[in-house]
Amino acid sequence: MVSIVILAYNRVSEVLITLEKVNGFLKSFPYKSEIIVVDNASNDNTSEAVSGKFKNVKLITKPANNGVAGWNSGFEEAIYDYMLVLDDDSHIEYGLKEAIDYLQSNPQIGVLGLEIEGGPYQTLNDPDKQQLVGFIGCGAIIRKELYKKIGGFAEWLVVYGHEWDYGIRCIDAGYTLELFKKCKVFHRVSTLNRSNLNTYKFSTRNELMILHLFYTRKKKYYQYLLLLNHLKWRLIDAGFPGLHSTYSGWKEFKKMEQHFTPTPVSVATQNYYTSKAPSLRPFFSFLSKVLPSK
Numbered sequence: 067m068v069s070i071v072i073l074a075y076n077r078v079s080e081v082l083i084t085l086e087k088v089n090g091f092l093k094s095f096p097y098k099s100e101i102i103v104v105d106n107a108s109n110d111n112t113s114e115a116v117s118g119k120f121k122n123v124k125l126i127t128k129p130a131n132n133g134v135a136g137w138n139s140g141f142e143e144a145i146y147d148y149m150l151v152l153d154d155d156s157h158i159e160y161g162l163k164e165a166i167d168y169l170q171s172n173p174q175i176g177v178l179g180l181e182i183e184g185g186p187y188q189t190l191n192d193p194d195k196q197q198l199v200g201f202i203g204c205g206a207i208i209r210k211e212l213y214k215k216i217g218g219f220a221e222w223l224v225v226y227g228h229e230w231d232y233g234i235r236c237i238d239a240g241y242t243l244e245l246f247k248k249c250k251v252f253h254r255v256s257t258l259n260r261s262n263l264n265t266y267k268f269s270t271r272n273e274l275m276i277l278h279l280f281y282t283r284k285k286k287y288y289q290y291l292l293l294l295n296h297l298k299w300r301l302i303d304a305g306f307p308g309l310h311s312t313y314s315g316w317k318e319f320k321k322m323e324q325h326f327t328p329t330p331v332s333v334a335t336q337n338y339y340t341s342k343a344p345s346l347r348p349f350f351s352f353l354s355k356v357l358p359s360k
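Per my numbering, residue 67 is the first one in the sequence shown, and the count goes up by one each step.
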């Protein structure tokens, strides 16, 4: 019924905690399940620790780290219809049965975002069952049927922003994304391999690339708007170091864009993404008059 796919990289103590908690949770879970751990080329003995302690885990050890696309190796091996996506430092707390039941009753949903507590990105104040255009990647359920149709997380992303890329592709394939707050994931947020400045850089780069790949309508306008919003947020969050990281992300995007041929989604999908993506919210009303319209 559900394959639990965990991506691990150089956080051996965290992934062991996650597996302890997931195994404990599954003792009372009524549906068939499996646990898959993808070791994304860790050098801290993650694979040895997992295989030595958890014989029930299907372990995939990758020879090279390919970022968020490492999850795809687990998705490919998953044998069940639904795939619960977890970080190595996040774990399910309750409501998985209810989430699976909800997905079975709503076949149009391709990705079910879950209630996330802990960390910088949470859903505690968001309305239940709202329609989404992205999700929080440390806790979501992907329908295996959707994966078979559109593939997994894009290799070019490396880190951050894969939820937006996957969301726009999901919608364009005719599925929806929805938030389901009766199922909760707790994100413990290890500080290992995490940097806010790195987040700012890659999220700017990747969200700009999403517009380059998928937009035809007012592409330049929305790219400028996105960049200005990111600069505003990072100045508030981190001051000038945040601005510098955002600028670095923009420079990396400019280097990359010439190597990627656009594959536009439908205008309806573009309009829906525009209406939902936080980075495309109006900065100031006068911007529509001063920024490029095409």
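Here a beta-carbon is modelled for each residue, glycine too, at the ideal position from N, C-alpha and C. Values in this document were obtained by computation on a predicted structure and should not be read as measured data.
- Rounded to the nearest angstrom, the gap between the Cα atoms of F246 and Y226 is 22 Å.
- Per the Cβ contact rule, the region 191-199 is not in contact with the region 280-296 (fewer than 3 Cβ pairs under 8 Å).
- The Cβ atoms of V151 and V255 do not sit closer than 9 Å to each other.
- Distance from the CA atom of A206 to the CA atom of D153, rounded to whole angstroms, is 10 Å.
- Here V151 is bridged, per DSSP, to V71, A206.
- CA-to-CA, the gap between L85 and K93 works out to about 12 Å.
- Here the region 316-328 makes contact with the region 264-272; the two share three or more CB pairs at distances below 8 Å.
- By the Cβ rule, the region 319-327 does not count as touching the region 294-303, because fewer than three pairs are nearer than 8 Å.
- The beta-bridge partner set that DSSP reports for D105 consists of A74, T127.
- The closest CA to that of V103, considering only K87, D167, S139, S79, is found on S139.
- Comparing alpha carbon positions, the residue from T127, Y148, A130, E142 closest to K98 is Y148.
- Collapsing the DSSP output to three states places I182 in a strand.
- Rounded to the nearest whole angstrom, the CA to CA distance from V177 to L82 is 26 Å.
- Annotated three-state conformation of T282 is coil, per DSSP.
- Taken through DSSP and simplified to helix, strand or coil, F252 comes out as strand.
- Assignment of beta-bridge partners to I158 by DSSP yields V251.
- Between the region 156-168 and the region 114-128, the count of Cβ pairs shorter than 8 Å is below three; the stretches do not touch.
- With contacts defined by Cβ atoms closer than 9 Å, L291 and S345 form a contacting pair.
- Restricting attention to I237, E244, S79, Y266, the CA atom closest to the CA of P193 is found in E244.
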